[in-house]
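Okay, so here's the structure we're looking at.
Residue numbers (the UniProt record's numbering): 1 to 498.
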């Protein structure tokens, strides 16, 4: 495997910038190392690799002035070859119980076999049970001098604060696309393979900032002869770019097709949604002029992101982020993993579609008015009620592409009258009336009427009772002779004032 074959063996070989590597090498040179470390970061970002290099440096017999291991002494070679007895790597996902930690405690006082330090690397430490964490805490509080603990996790929020407080914490960041492309070019050179820059960028994008995933994908391309486009599938930053374009354009169907493609390819939708939220955050940064906050994208993608940011207002973008944040939480508890993100995308894309189409219609209306020279006389034409009734189903069909929910609500309404281009619609539920009277809903129906009849038609809604009367304050009479009313007056010593 490429990620093993070309794994960095020295601090100097780790892709920069890497704050953890720099800090650890400085501790080595100053002889001020600690006894417990916590490495936090997404998978494939170098936590375990850095832990092994640090173990080399702690036990190396010929350190460089910069704190780099020589990679030639017996200890360094043994660690590289995976036969160093004083490096104990534990997978907390498989050894998560208190008995496993107790066994570790029993052995920790044993002196190193051949090295100066015995190093314990606990991977996915967040998987330990609470009892195991409590047992580990006692070990971290009073460790023997020869023991060094390096705890690695992808989910730091699951690690108790009591453990964190006993460790030096280092955070590992996702690699930028530029960093990954540079590394992939080095691997291609070492392998004597030719892969185009555009394909390398696709691989880097699909790797979501992970060196290991990037190395694995490149190996599949070089050794397996696979096509990059079919290999990387629908994921990566290109999927974020596409989805945002679909949302801005109001292409609901395209949004759903993209999510379905991700789901069918077996992509973890929870992780993918979190990465998409990072992309949307970058759009917020661009809108705010904080371009330095956006890193790791190519110039072409950044230019496209600037264009997307210009087409959305800050409030619109915040609403999209807020809705997708909720979806990211709902995915974990959904029996259909794709459903929460699909519902969220339908909501945000339909809203954006209505707003975009409304803006376009408004621009077209203004252009038509100026061309025909009608100006303020644009409302002089009159629409007959009979023609409106004849075309009512057609009107509903025209509304549907703008907003499905508005079309559904209008189907439960009934045109009552049309006077001086003022259309009155009867609705039978207060909730429907409330929804239809929102500015966006009214704008949709009025725009459709304008497009179909060429004149401005204003719409108002009246709530109808079961008997067919408008429900207004005037026709609501109090049952003065009701026994209940009389009893209420006696109990509360009141009177009828209306």
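Virtual Cβ for every residue (Gly too), placed ideally from N, Cα, C.
Since the structure is predicted, the reported quantities are computational estimates derived from the model, not experimental observations.
Taking the beta carbon of residue i as the centre, do at least 16 other beta carbons fall within 10 Å, making it buried, or is it exposed?
i	result
residue 111	exposed
residue 133	buried
residue 186	exposed
residue 23	exposed
residue 172	buried
residue 433	buried
residue 145	exposed
residue 114	exposed
residue 376	Confidence is the limiting factor: at residue 376 the pLDDT is only 38, short of 50, which leaves the residue's position unreliable, though a coordinate-based value still follows. Looking at its Cβ environment, which holds fewer than 16 other Cβ atoms inside 10 Å, residue 376 is exposed.
residue 409	buried
residue 11	buried
residue 429	exposed
residue 215	buried
residue 4	exposed
residue 67	buried
residue 162	exposed
residue 367	Reliability of the predicted coordinates at residue 367 is poor, the pLDDT of 47 falling under 50, and the value obtained from them is presented with this limitation in mind. With fewer than 16 Cβ atoms within 10 Å of its Cβ, residue 367 is classed as exposed.
residue 18	buried
residue 14	buried
residue 135	buried
residue 83	exposed
residue 384	exposed
residue 386	exposed
residue 16	exposed
By DSSP, does residue i sit in helix, in strand, or in coil?
i	result
residue 340	helix
residue 159	coil
residue 39	strand
residue 11	helix
residue 255	helix
residue 76	helix
residue 500	This structure gives no information on residue 500, because the portion of the chain shown stretches from 1 to 498.
residue 95	coil
residue 326	helix
residue 422	strand
residue 150	strand
residue 312	coil
residue 285	helix
residue 462	strand
residue 122	strand
residue 89	strand
residue 16	coil
residue 224	helix
residue 304	helix
residue 274	helix
residue 105	helix
residue 455	coil
residue 359	Note that residue 359 scores 46 on pLDDT, short of 50, meaning its location in the model is unreliable; the coordinates nonetheless yield the value given after this. If DSSP states are grouped into helix, strand and coil, residue 359 belongs with the helices.
residue 292	helix
residue 28	helix
residue 346	helix
residue 249	helix
Is residue i near residue j, with beta carbons less than 8 Å apart?
i	j	result
residue 406	residue 464	no
residue 443	residue 461	no
residue 193	residue 237	no
residue 86	residue 118	yes
residue 58	residue 33	yes
residue 499	residue 421	In the structure displayed, the chain extends from 1 to 498; residue 499 sits before or after that span and is not available.
residue 140	residue 38	no
residue 273	residue 328	yes
residue 286	residue 294	yes
residue 183	residue 149	no
residue 170	residue 20	yes
residue 218	residue 2	yes
residue 206	residue 177	no
residue 323	residue 346	no
residue 48	residue 123	yes
residue 301	residue 241	yes
residue 441	residue 435	yes
Relative to the ligand ATP, is the shortest distance from any of its heavy atoms to the C-beta of residue i smaller than 7 Å?
i	result
residue 253	In the structure on display, the ligand ATP does not appear, and there are no ligands present to speak of.
Kindly indicate if chain C contains any beta-carbon less than 8 Å away from that of residue i.
i	result
residue 254	The chain labelled as chain C is not found in the depicted structure, where only one protein chain is given.
Stretch-stretch touch, CB-based, cutoff 8 Å, three pairs: the stretch 85-105 with the stretch 124-140: Yes, the stretch 85-105 is in contact with the stretch 124-140.
Touch check for the stretch 244-263 and the stretch 43-60: three-plus C-beta pairs under 8 Å? No, the stretch 244-263 is not in contact with the stretch 43-60.
Kindly provide the ranges of any alpha helix (DSSP H) runs that are 4 or more residues long and lie completely inside the stretch 163-204, ordered along the chain. Fully enclosed alpha helix (DSSP H) runs of 4 or longer: 177-191.
Counting pairs of beta carbons, one from the stretch 297-317 and one from the stretch 333-343, are three or more of them closer than 8 Å? Short answer: they don't touch.
Three or more C-beta pairs closer than 8 Å, one from the stretch 278-293 and one from the stretch 246-253: is that the case here? Segments in contact, no.
Give a yes or no on contact between the stretch 98-105 and the stretch 62-82, applying the rule of three or more CB pairs nearer than 8 Å. Per the Cβ contact rule, the stretch 98-105 is not in contact with the stretch 62-82 (fewer than 3 Cβ pairs under 8 Å).
Taking only runs of the beta strand (DSSP E) that begin and end inside the stretch 387-452, which ones reach a length of at least 3 residues, in chain order? Here the runs fully enclosed are 414-419 and 422-427.
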